[in-house]
Each structure stands twice: as structure tokens, then as C-alpha cells.
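In the working numbering, the protein residues as written are 570 to 1428. By construction, the Cβ of each residue, glycine as well, lies at the ideal position given by its N, Cα and C atoms.
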Amino acid sequence: MSERLLLHWQLDDLVSGPLVVGTPVARTTGTVEGAAVVRPDERFGSCLELSGGAAAVTSVSALPAPVTAQAWVRVPPMSADAAGVLFGQAEGFTLWLLGDGRLVHQLVTTDGIVKHDTPTGTLTFGEWHHVAVTSEDRTARVLLDGVVVAETALPAPVRATTAPFTLGRDPDAAGSYLAFSAAQVRVHSDTRSVEELRQDMGAGQAVRPSFVRTHPIGFELVDADEQPVLRIDDTPTGQRLTLRLTNSSRHDLTLWPGLGPVSAQEHHFALRFRGGVLAAGSVPTLSVPGWTLTTDAGPTTCYLRGPDAMTIPAGQSVELPIAGVRADAAGGTRGSRVELGYRRVGYVGEPTELTGARHQILEIVNDRGRSDPPLHLGLVGGDRVLSDGVTASTLRLRVANLSRDVAVPLTGADGVAPSELVLSFEVQLAEESRDWALTDAGTAGVVDLAIGGPAGGGWQVRREQLGQRAQWTLIPDEDTAVPPDGWWDLTLSEVHGLASPGRAPVLLAYRNIPGFRDGVLAVEVERAPLVFAGSAAGLGTVAPEARLHVVDQSTNGHAGSVIVGPTNQPNLRLGYDRGYSWVQSHGGAPLAINPVGNNVGVGTTAPVARLTVQAVTDHLQLRREEQTGGSPVFLELYQAATPKGVQVYPSIRFHHADAFWHRIEANPDGITFKHGGSEGLIDVHAAVAHAAEVRANRVRSGQVVVTAGSDHLQLRRDEQSGGGALFLELFQAQTPNGVDVYPSIRFHHSHKFWHRIEGRPEGITFKDGGSEGLIDVSAARGTFQALTVDGVSIGAHELRALVRLAAGQLEFDLFNVLQNEFAYAADFSPFDNDRRHVFTWRRKGERVSQGRWRIAFPG
570 MSERLLLHWQ LDDLVSGPLV VGTPVARTTG TVEGAAVVRP DERFGSCLEL SGGAAAVTSV
630 SALPAPVTAQ AWVRVPPMSA DAAGVLFGQA EGFTLWLLGD GRLVHQLVTT DGIVKHDTPT
690 GTLTFGEWHH VAVTSEDRTA RVLLDGVVVA ETALPAPVRA TTAPFTLGRD PDAAGSYLAF
750 SAAQVRVHSD TRSVEELRQD MGAGQAVRPS FVRTHPIGFE LVDADEQPVL RIDDTPTGQR
810 LTLRLTNSSR HDLTLWPGLG PVSAQEHHFA LRFRGGVLAA GSVPTLSVPG WTLTTDAGPT
870 TCYLRGPDAM TIPAGQSVEL PIAGVRADAA GGTRGSRVEL GYRRVGYVGE PTELTGARHQ
930 ILEIVNDRGR SDPPLHLGLV GGDRVLSDGV TASTLRLRVA NLSRDVAVPL TGADGVAPSE
990 LVLSFEVQLA EESRDWALTD AGTAGVVDLA IGGPAGGGWQ VRREQLGQRA QWTLIPDEDT
1050 AVPPDGWWDL TLSEVHGLAS PGRAPVLLAY RNIPGFRDGV LAVEVERAPL VFAGSAAGLG
1110 TVAPEARLHV VDQSTNGHAG SVIVGPTNQP NLRLGYDRGY SWVQSHGGAP LAINPVGNNV
1170 GVGTTAPVAR LTVQAVTDHL QLRREEQTGG SPVFLELYQA ATPKGVQVYP SIRFHHADAF
1230 WHRIEANPDG ITFKHGGSEG LIDVHAAVAH AAEVRANRVR SGQVVVTAGS DHLQLRRDEQ
1290 SGGGALFLEL FQAQTPNGVD VYPSIRFHHS HKFWHRIEGR PEGITFKDGG SEGLIDVSAA
1350 RGTFQALTVD GVSIGAHELR ALVRLAAGQL EFDLFNVLQN EFAYAADFSP FDNDRRHVFT
1410 WRRKGERVSQ GRWRIAFPG
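Laid out in C-alpha cells, this is it:
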């Protein structure tokens, strides 16, 4: 609990008033109205029952506007139209319960009243339920048994108020009483999470209230440092321990009077030690007015009697300093249980005697001998573990005897007080922050301890996880000694450091070393992202293989294992992914290599040019992976602007030492192919040459000859978009009047045939050889807009009629040109059963709608 807990009523008892009292950490009391009684309950020990007629509890003091309120409630069945209030705060919030099982949460915001409710049947009558309401950050929630059952956004902040808290009725008016049983009411000034509310639910579900009522006495036995420690020392007068008696109930206790002299039969309290804990001759004494103490012969028990009718108020303590307590050194450092028995004690005004016993662990620590054994604890091979929470590190701790002439004795496991070495470190539990922990609780279990070294010997090792500490207790198998300059190593492996930089102490406590007091050695381990091994340093690795070795998760060019420069400016990043390593410039800046000079080599350590790429094959590739068009892939040889008269011709050289040397050179006229460093032109050999225009200063034999087995000449267009023509043009420049040239393509098979396709003003003609005679044209199909035969043109309409005629589908009207009448088949007075009349329609030139005629089955 903390100061954020404003109110805590356990509701397991009532005091005079009647009043409900709070707990020691939230002491707010409540005034009981009407008939409210405490009833026994199997779940909570006791609970408060409100009759419902006019019973309620209201806090005596006003509380600031709470953010969380919660309670255990058990409501008997209600009528369907009934309504009552479980709890609330005047002018703040109210939690209503309706007869259909709905919970209605009402809040007062700065904009007015807001209500939200749960579904019908949410709360089951006659059973215990935990109900809670919260409101913070414009969100209000209702929880039932640790589950959110209603939630709403608030239009405005909850209005700040200071008013009493009320259980069982409307806090704003003396009405809307509700009959129910309640327990464990808590009000907080902060929002409790679902997990915290579930913890609160379990906190009161026990028989703790009844146990506290029947066992109200608690005790502590501590030394001057408030520790439960009894020291083994050589002080004749012994040690002073303080016995603190506490009334842990919520009622005043009284010590019954009428006892005789203090003894094993007549006492209020008996402090019992196990045999062998107190040294023989130890004489504990008590010098507090009204108190007397005596011991048995052991001594094992101290009997105490207090003043008659002394009262110990609820929640208060009585401290009794007991002097002359000496520990028996025979058992060495160890733990032992101490018991406090009590009798002749009761609650004020009640006749029932309270008897019982409570227990406590008392640590017996060796404080005899020299305080400075020549033992030293140090780290060998580095004092760091990686602080990434993932990579396992190893720590080697060396325990050494620094003395060059004195051995350090150790008592074996079969001795009365065996020597113990306890190695430990802190661990961080879930949902907490512990900056000085070495690991978290989830990985502490895999840490392994190995013992080695010349003075190692045999050891019994007991591993323990004690709350926030992981520890190993080492006991030698037999009596031994660490020789002068002797040492052994304690190696902790599989240490996964917390994922945050910091320092964590590792402790080695030593106990029962003959001739020396108990004590502790400590080293500090640093949790850091960088570790050292020899002359190497590792980031993300504990085994660096270079002066600086970085191991990271695979990342692309947007992240980076190494970043040089601020991330909001141009910076350089290096890293690796699953299939490659990379260097990337960031911040929209280019990557410059050797910007102030010197050569760069790829595959070579002796580059002879600004960039030398040395390989057997595949030296350089310019690659574009995008599958969209519009962007060329190019290698550019760029010459900056030069003064007039200064010409530079970018070129690519092809050089085979002692064999040949050619170059492709660009000049204002275009691309030229030259020999070595001269201006002489060279031949160009290619299977296919593609060009927009071909020019030549001379053509062999007056013609261009393409010789091949097939595929002699192709005019090619690879673009897949329309709109452009692909053509072969035979172009004749303008000629004088009367001079006509007819461009043609000749098809010539030596000694067999010779034809040509000739272009003329009237169109294309197909001719024979060099004559003007026309030739046949053969094709599977010809597509024409019109066909002219000996001056007669036939168009598409005529051809369609011929097609229908040949198919027996041509329909027509039969017309007699002499009589100017249309013929038809009569539809009345058939000639006989099989024949009908054919007439002409006497109305001149008028078509008859008695069906058309067709030439069927043309032959």
C-alpha cells in the first residue's frame, strides 16, 4: 500500500460508536448508520451486513475525489424494478445496482452528469462479487471480478471535489439504501490497473481476519541495527537484543493481572530459543519498569511478565531491550527459529484469554576472530557483461589468498560448523525496475557455476533462488586450506545481462572460517554494450575476433549496426543483412570515396587508376532491377566544360598488353572506332547492326552486300506502345520535270525468275524483271475497298450480294417491267391441296407484303 490508498475498510469488526476502523496504512474511519452487524463468513472470516432499511457507512473525514473505488459485495435478490446504491461520494460519483443485475456508474464532470451501465444480468445475486470503478484520462470503467464490463469516454474531466465516502446508500441524499454484505472496501487516489485490482481481490480472501483476532501478538527480535541477528563474539557481557511486541489487531489488548513471581507457570510471554543457540552461562536481563524476566536452566527460554492491567493499543508496539544475550559458537554461523509464546492476555473488556505462539528466524553470525582474512575477490578476463538481454556472457571470479606465508583454513562439511562461501547477485523480477540487478528472473535460472583452479578441491554446491537474489552456497567436502598465494576460480556462464547499462554487485559471503569473523567480499560487474577480450572489443559479442567486432541483428540500409554522424544530418551507416553487407549514406547526402584523392581498388591492393576492378570475370555490371520503362541504364563518360580550342574526346579503351589496343571515341561528329592512341579507323564486326541512318564514304562494288545463310536484313522496333510506324523507305530525291524514277524492290533468283514491286504515281504494280509486263499476285486472301476489272469497279455492296447469292440467301422482289407490277404467291383459294396461285399486283409499282423471293440451291 502507499499514500495513494485513501481508505481501506476490512469490515470484519465494529468498535464503539459504532465505527468502522481503517487499517494502519489507511486509517480513515467510518460512522455506521442504522442496523449494521458483523457476521461470520467462510470467505473473509467476517463481513459487514447492511439491513437495507436505513443502514450505511460514511467516512468521518472528507476524501479528495477518488479515481478508483472497489469492494467485495454479496447482494440478496432484488425486485425487478428496485434500485439501490453500492457506494459513492457526494457530488462525485455513484455506483448503482438495478433489480435486473445492471451496474450503473454515474459521474459528475465539469460539463455535467454522465452515466454508463453494464448489460442486464451482469451481477448475480446471492454470490460474492468484486466490483470496482475507475475514472482517469477521460475514460470511465466498471469492473466485475477483475474484468472490464463497461467503459465509456468522458466528454470532460471529472469535477474535483472533497466529500465523505458512503457505502450502502445515495451519498447525496439519505435514500436509495441497499441491503447487502460487504468486505474489503478500498478507495484510491490513482487508477488501479486490471492486474492490480486482481491482486487486491486476492488480498482479503482468506481467514486472515479471524487469525489476527485470535493471534493478535506479533514480535520482532532485532539487534542494534534492526536486524534479526545474534552475533558470536568474545564480549563477556553479551549482546543486547530488542524484543518488540506488537498488537497487530484493531482492538486494544490488556495484560491480565494476578500473576505470582515470573516463572515457567506464571508469565505473559515466553521467548524460546533452540538448544545450542544461547551460550552456557548467558544471563539475559531486562531493565524496564514494571517488567520482570527469568530464564530456565538451559538457558533456552526467557519468561517475561508485564505490569498488571497494562494496555497495548491497537497497532502499537512495546519494546523490551534484553541485555546479556550470548550466542554459542559451537554451531558457527547458521539460522535458527525463535518462538514467542503468550498467555494471560485478552482484549479490553472481553473475558476470553488469548493464547498462542509466533515464530521468527534469527541469524547467528560469527563475529569472533580477525575481521580481515587475506582473501580477495576479483574478476579475471574482464568485468563486463553485454547489456542486450540476449547474448550470454561469462564472468570469471577469482578467490585468492593474498598472504604469502599464512594459509586460510576451511572446515569441511562433516565439521560442527562447516565453512561456507555464498556467491550471490540481485535479479530483477517481472514488472519491476532494479538498476543494480545483474540479470532478470527469467534468465537467472540458466546461469551456471563452475569451480576450478589449483586450490579448487571438492565442494558441495547448493543453488537457491531467494526472491530477488540468486545464490550458490559452497561447502568444502573436507577440511582444507587455501595455501599462501593459492586461488580458485568461480566461473558464471550463461549470464544474460539486463538490457540496460549499469553496474551490478556480485557478493561472496564467507562464514565459519576458523580464526576469522564472517564477512562479505564484493566485486562490481558492469552491464555495457561493449565488452573487452584481450586486446579486442566486442559490440554484441563476448568473443570478438578483431580489434572491434560488431555483431547485430540483420538489418537493411535504413537501420545500421554502425552510424557515423548525427541522424538528423548527413551520416554514414554500415551493416549486414542475411545475404550481403552494406555501406549507406543517409540524410539525403551522397557517398564519396576518397574525395581528396588516391586510387580505389576492388579485388586488388595495388590499383593503378582512380578505380581498378580486378577479377577473373564479371568485372563490372551496371544493373537496373526495376521492370518499368522510361529510364535508361547508362555508363556516362563526362567531361566538364573546357575553354575554347580545348577539345577532349571521351573514350573507352580496349587494351590487351602486347596484342592489341583499340578505343571507342566520342567526338562532335558521333562515335568513332579507332586504333590505339592513333587516329586510324578500325573495322567493326557485328552479326546485326541497328542504325537510324547509315552513311559511307565508299561502298564496295557500288553496293551494300549482306551475306548470310538466312535473316539477312531486319528493320526492328521493340517498343510495345502504338502510335509509331515501322517502315522501309525507298527515297528518290526530287528530279527535273520529265524525269521519272519509280522506286522498286526486286526479287531476283539467278537463272530462274526476276520480279519487282514498283511504286508509281497511280499506286503499286507487280512487274516481271526489267520489263513492263504485269505478273500474277498469289495470296490466301486479299482485302480491298474496291475491285476494278477492265475499268469496271465492284464495291463491298455488290460483293456481299454475290456472297448471299452463292449461299442461297439472296432475297429479292420479282417485278414485271412491262406491266410495272410485282408478283406474289396468293394466300387465298389454293389451286388444290398442294398448289397455290401466283399473281401480279395490279396496283402499278406498289410492293406486296406477301413475302419476298429467293434463288435457292444455286448450282
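Quick check: the Cα distance between residue i and residue j, rounded to an integer number of angstroms?
| i | j | result |
| --- | --- | --- |
| His1244 | Arg1222 | 10 Å |
| Pro1074 | Thr1008 | 11 Å |
| Trp1410 | Ser1398 | 16 Å |
| Gln1034 | Gln1040 | 6 Å |
| Glu696 | Ala752 | 13 Å |
| Arg761 | Ile786 | 32 Å |
| Leu574 | Gln675 | 22 Å |
| Glu919 | Ala878 | 13 Å |
| Arg1286 | Val1215 | 39 Å |
| Ser1247 | Val1217 | 15 Å |
| Gly1271 | Val1308 | Residue placement at Gly1271 cannot be trusted, given a pLDDT of 45 that sits under 50; the coordinates are not used to answer. |
| Ala725 | Ala709 | 11 Å |
| Asp582 | Thr592 | 12 Å |
| Pro688 | Asp650 | 16 Å |
| Val776 | Arg927 | Note that Val776 scores 49 on pLDDT, short of 50, meaning its location in the model is unreliable; the coordinates nonetheless yield the value given after this. Their Cα atoms are separated by approximately 17 Å. |
| Thr721 | His685 | 7 Å |
| Gly1291 | Ser1200 | 19 Å |
| Val1253 | Phe1353 | 46 Å |
| Gly1302 | Pro1212 | A quick correction: the sequence has Ala, not Gly, at residue 1302. If you take the alpha carbons of Ala1302 and Pro1212, they lie about 41 Å apart. |
| Ser745 | Asn816 | 39 Å |
| Tyr916 | Leu822 | 5 Å |
I need the boundaries of the beta strand (DSSP E) containing residue i, first residue and last residue.
| i | result |
| --- | --- |
| Gly771 | Note, Gly771: premise wrong, no beta strand (DSSP E); alpha helix (DSSP H) at Val763 to Ala772. |
| Thr1431 | This structure leaves residue 1431 out entirely; the chain is present only between 570 and 1428. |
| Glu1093 | Gly1088 to Ala1097 |
| Lys1243 | Gly1239 to His1244 |
| Val756 | Phe749 to His757 |
| Leu1143 | Asn1140 to Tyr1145 |
| Thr1181 | Leu1180 to Val1182 |
| Pro978 | Val977 to Leu979 |
| Val607 | Ala605 to Asp610 |
| Trp1056 | Trp1056 to Val1064 |
| Ser1220 | Ser1220 to His1225 |
| Gln1153 | Ser1150 to His1155 |
Quick one: is residue i buried, meaning 16 or more other Cβ sit within 10 Å of its Cβ, or exposed?
| i | result |
| --- | --- |
| Phe1203 | exposed |
| Gln768 | exposed |
| Thr1174 | exposed |
| Glu1415 | exposed |
| Thr1304 | exposed |
| Ser704 | buried |
| Ser571 | Here the model assigns Ser571 a pLDDT of 44, short of 50, so the residue's position is not dependable, and the following value carries that caveat. Result: exposed. |
| Leu766 | buried |
| Phe1322 | exposed |
| Trp1151 | exposed |
| Phe734 | buried |
| Phe1335 | exposed |
| Glu1380 | exposed |
Specify, as a first and last residue, the run of the alpha helix (DSSP H) that residue i falls within.
| i | result |
| --- | --- |
| Val677 | From DSSP, Val677 is part of no alpha helix (DSSP H) but of the beta strand (DSSP E) over Leu672 to Thr678. |
| Ala1365 | Ala1365 to Ala1375 |
What is the C-beta distance between residue i and residue j, in whole angstroms, given that I count them as a contact (C-beta under 8 Å)?
| i | j | result |
| --- | --- | --- |
| His837 | Tyr911 | 6 Å |
| Arg874 | Leu828 | 6 Å |
| Leu670 | Gly657 | Position check: residue 670 holds Gly in this sequence, whereas Leu was assumed. Gly670 to Gly657, Cβ: 19 Å. No contact. |
| Thr1060 | Thr963 | 7 Å |
| Arg903 | Ile933 | 5 Å |
| Gly951 | Ala1102 | 7 Å |
| Val1182 | Gly1172 | 6 Å |
| Gly1157 | Gly1144 | Gly1157 to Gly1144, Cβ: 19 Å. No contact. |
| Ala1068 | Gly958 | 3 Å |
Cβ-heavy atom distance between residue i and the ligand FMN below 6 Å?
| i | result |
| --- | --- |
| Asp1396 | The ligand FMN is absent from the structure shown, which contains no ligands of any kind. |
inquiry  = So within the stretch 695-741, which uninterrupted alpha helix (DSSP H) runs reach at least 4 residues, ignoring any that extend past its ends?
reply    = none
query = What are the complete beta strand (DSSP E) segments, minimum 3 residues, inside the stretch 815-901?
reply = Within the stretch 815-901, the complete beta strand (DSSP E) runs of at least 3 residues are 822-824, 838-841, 861-864, 870-874 and 886-894.
ask   = What are the uninterrupted segments assigned as beta strand (DSSP E) that are 3 or more residues long and contained completely in the stretch 1330-1364, given in chain order?
value = 1332-1337, 1355-1358 and 1361-1364
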